[in-house]
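Notes for the one structure printed next.
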Amino acid sequence: MREKILAVIEKNSRIDIKDLAILLGESEIAVANEIAEMEKEHIICGYHTLINWDNTSDEKVVALIEVKVTPQRGMGFDKIAERIYQYSEVESVYLMSGAFDFTVFIEGRTMRQVAQFVAEKLSPMESVLSTATHFVLKKYKDHGTIISEPVQDERMLITP
Amino acid sequence: MRNPLSDKIVTIPPSGIRKFFDIVSEMKDAISLGVGEPDFDTPWHIREEGIYSLEKGRTFYTSNAGLKELKVEICRYINRRQEVAYDPDHEVMVTVGGSEAIDLALRAMLNPGDEVLIPQPSYVSYVPCTILADGQPVIIELEEKDQFKLTAEKLREKLTPKSKILILPFPNNPTGAVMGKEDLEEIAKVIEEHDLFVISDEIYSELTYEQKHVSIVAIPGMKERTVLINGFSKSYAMTGWRLGYACAPAEILKQMLKIHQFAIMCAPTTSQYAAVSALRNGDGDVEMMRESYNQRRRYLMHAFREMGLECFEPYGAFYTFPSIKRFGMSSDEFATKLLQEEKVAVVPGTAFGDCGEGYLRISYAYSLENLKEALGRIQRFIQKLEQE
Chain A
9 MREKILAVIE KNSRIDIKDL AILLGESEIA VANEIAEMEK EHIICGYHTL INWDNTSDEK
69 VVALIEVKVT PQRGMGFDKI AERIYQYSEV ESVYLMSGAF DFTVFIEGRT MRQVAQFVAE
129 KLSPMESVLS TATHFVLKKY KDHGTIISEP VQDERMLITP
Chain B
235 MRNPLSDKIV TIPPSGIRKF FDIVSEMKDA ISLGVGEPDF DTPWHIREEG IYSLEKGRTF
295 YTSNAGLKEL KVEICRYINR RQEVAYDPDH EVMVTVGGSE AIDLALRAML NPGDEVLIPQ
355 PSYVSYVPCT ILADGQPVII ELEEKDQFKL TAEKLREKLT PKSKILILPF PNNPTGAVMG
415 KEDLEEIAKV IEEHDLFVIS DEIYSELTYE QKHVSIVAIP GMKERTVLIN GFSKSYAMTG
475 WRLGYACAPA EILKQMLKIH QFAIMCAPTT SQYAAVSALR NGDGDVEMMR ESYNQRRRYL
535 MHAFREMGLE CFEPYGAFYT FPSIKRFGMS SDEFATKLLQ EEKVAVVPGT AFGDCGEGYL
595 RISYAYSLEN LKEALGRIQR FIQKLEQE
């Protein structure tokens, strides 16, 4: 049941428990319990909203930063990651395989603000060897959802 | 001027769906639960294969029977699902949708006056295609009490010395009925006893929700007398690509191919290349879509129960077939009134045969939001009727 619940709410976290139970052919209580369990186990970590900021009047700048670090003795990557993700400007942090170590997404109001964060907070960190900052120009698809254009039902109304 | 028209074609009534379509098209902002096709786009890897074939300039005819590569994949697929082996060189052909295959099979097998047993409610083309092929349609009226399955008894009732072909439309459009292995075995006995041939339209074979689809060709002795029809429209959400296929004994297939060769030449090349990718890499997509339909099927059935709309549980395709008999209206009246008063389009059961009277076909190939809105309106409509 878990996988099925997750598959539905990953796309639609606002769905009623009642509707979800009907869709999955389970009882409402069973579904509610399962969700509560998954929240407790930190499988479900939140219910966020997918916003296309480009369509609002808010100015937002998002940058992807490749970060190379030297893991220090007794510290490992996790400790460094923690130092990075504590900043509220940081949207997400991933440990990567390949040519660099972390991918860090930063959100700011202006490019200057983002640049300042990199220059003043991220780069000077002890373990950080180098950074490469890439600004996001346009978001097409996020969380498996195409956000650049609305989807329309183009089928004919009645077909055999 | 002389009458330019053929009497045969003029006397065939236009599809009942067509009539309703004309009414619906004039109504702005109607919500429809009336489509007979998936709400998914064709999975991207399939579309991309089509695009790639165009980029590579694969814009020529294929051989009449279709791309060898595709025929081989079709045979593998049937073997995977039904454990039945077909010879890609002599027993398979690719057609322009399942519909063409229905027409070809009837034309290849019928002599004037031969009777074709057609269970109804069912897809709209079996009767007219039979008439066009000079056959005589004999309707078997399926009933809700049998879960709209074809029973041996019902089949026997309609047999005559002229009976030649039985159409097997399962999983069924519009009822959503399916036939299990035991059901088919019963039918198979009658088929053998009376030396009938079968046209088995299995276009919804991937969309069953309780048990895996069993094809009649998997019943011993049936492959030799069956034209198996399937296609890509419903399982891979590829309706617009117009691609289907038929598998049949070489002797029958050869004649079908002759008609196809003169009338069609070959199925669209782009679609054929795309279909290869569907069969090779599409199992996951089918699985995902099936689960999604199944969820919405449960939702619709639940909503019907809540609003007191009787409906037998459909285990296949993406249709429900609720009964509206208790409202004392014909299907046509009900559907028309529902459209006028609540702007919800559904298809009257009679579009699929006279015995569809008293029923509606309601499709669940829609988003949950759409279903919710439409079901809310149907509920309001029913409440009004009950108060009258």
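Chains as they are written, first to last, in the working numbering: chain A, 9 to 168; chain B, 235 to 622. All residues carry an ideal CB built from backbone N, CA and C; glycine is no exception.
List the residues that DSSP assigns as beta-bridge partners of residue i.
i	result
CYS481(B)	VAL326(B) and LEU462(B)
ASP435(B)	ILE463(B)
ARG595(B)	VAL581(B)
ASP4(A)	This structure cannot settle anything about residue 4(A), because the visible part of chain A is limited to 9 through 168.
VAL372(B)	LEU351(B)
PHE110(A)	VAL75(A) and LEU103(A)
VAL69(A)	GLY116(A)
VAL98(A)	ILE114(A)
THR554(B)	ILE596(B)
SER266(B)	ALA579(B)
ILE166(A)	GLY268(B)
PHE143(A)	ALA71(A)
Can the beta-carbon of residue i be found less than 8 Å from the beta-carbon of residue j?
i	j	result
GLY592(B)	SER557(B)	yes
THR503(B)	TYR295(B)	yes
ILE437(B)	SER467(B)	yes
PHE552(B)	TYR527(B)	yes
ILE312(B)	CYS545(B)	no
GLY550(B)	GLY410(B)	yes
LEU344(B)	ASP368(B)	yes
ILE114(A)	VAL98(A)	yes
PRO168(A)	ILE251(B)	yes
ALA484(B)	HIS279(B)	no
ARG390(B)	VAL361(B)	no
ALA40(A)	ILE25(A)	yes
ILE493(B)	VAL461(B)	no
PRO353(B)	LEU384(B)	yes
MET541(B)	ILE612(B)	yes
GLN381(B)	ASP348(B)	no
GLN564(B)	VAL520(B)	A quick correction: the sequence has Ser, not Gln, at residue 564(B). No.
LEU165(A)	PHE255(B)	yes
ASP150(A)	LEU58(A)	yes
ASP275(B)	ILE336(B)	no
*asked:* Could you check whether the region 294–312 of chain B touches the region 395–409 of chain B, counting it as contact only if at least three pairs of C-beta atoms, one from each stretch, sit closer than 8 Å?
replied: no
*Give the residues from the region 146–168 of chain A that approach chain B closer than 8 Å (Cβ to any Cβ), ordered along the chain.*
ASP161, ARG163, MET164, LEU165, ILE166, THR167 and PRO168
*Quick one: which residues of the region 42–61 of chain A get their C-beta closer than 7 Å to a C-beta of chain B? List them in chain order.*
none
*With contact counted as at least three CB pairs below 8 Å, one residue from each stretch, are the region 505–514 of chain B and the region 461–475 of chain B in contact?*
yes
_Residues from the region 239–270 of chain B in contact with chain A, defined by Cβ distance under 8 Å_ = SER249, ILE251, PHE254, PHE255, VAL258, SER259, ALA264, SER266, GLY268, VAL269 and GLY270
*asked:* Under 8 Å: do the region 316–330 of chain B and the region 346–360 of chain B share three or more Cβ pairs, one atom per stretch?
replied: no
_Counting beta carbon pairs with one atom in the region 23–40 of chain A and one in the region 531–548 of chain B, are three or more of them shorter than 8 Å?_
Contact holds: three or more Cβ-Cβ distances are below 8 Å.
*Let me know the alpha helix (DSSP H) ranges lying completely inside the region 115–141 of chain A, each 4 residues or longer, listed in chain order.*
119–125
*Of all the residues that make up the region 24–44 of chain A, which are near chain B by a beta-carbon distance shorter than 8 Å?*
The residues in question are ASP27, ILE30, LEU31, LEU32 and GLY33.
*Three or more C-beta pairs closer than 8 Å, one from the region 308–317 of chain B and one from the region 443–463 of chain B: is that the case here?*
yes
*At what residue ranges does the region 297–365 of chain B contain a whole run of the alpha helix (DSSP H), taking only runs of 4 or more?*
302–316 and 331–343
*Between the region 348–359 of chain B and chain A, which residues of the former have a C-beta closer than 7 Å to a C-beta of the latter?*
Going along the region 348–359 of chain B in chain order, one finds TYR357 and VAL358 with a Cβ nearer than 7 Å to chain A.
*For the region 382–444 of chain B, list the beta strand (DSSP E) runs that are entirely contained and at least 3 residues long, ordered along the chain.*
397–402 and 431–435
_Meets three-Cβ-pair contact criterion under 8 Å: the region 100–114 of chain A and the region 69–85 of chain A_ = yes
*For the region 444–477 of chain B, which residues have a beta carbon sitting closer than 7 Å to at least one beta carbon of chain A?*
none
_With a threshold of 8 Å, are at least 3 pairs of Cβ atoms found where one atom belongs to the region 131–149 of chain A and the other to the region 73–87 of chain A?_
Touching, yes, given that three or more Cβ pairs across the two stretches are closer than 8 Å.
*Could you run through the region 575–597 of chain B and flag, in chain order, every residue whose CB is less than 8 Å away from some CB of chain A?*
ALA579, VAL581 and ALA585
_Given 8 Å, three or more beta-carbon pairs between the region 261–269 of chain B and the region 283–300 of chain B_ = no
_Ignoring anything shorter than 4 residues, give me the alpha helix (DSSP H) runs that lie fully in the region 477–540 of chain B, in order along the chain._
484–497 and 503–515
*Any contact of the region 265–278 of chain B with the region 595–602 of chain B, i.e. 3+ C-beta pairs under 8 Å?*
Judged by Cβ distances under 8 Å, the region 265–278 of chain B makes contact with the region 595–602 of chain B, as three or more pairs qualify.
*Is the region 240–248 of chain B in contact with the region 280–292 of chain B, if contact means three or more CB pairs nearer than 8 Å?*
no
_Where the region 538–572 of chain B meets chain A: residues whose CB sits under 8 Å from a CB there_ = none
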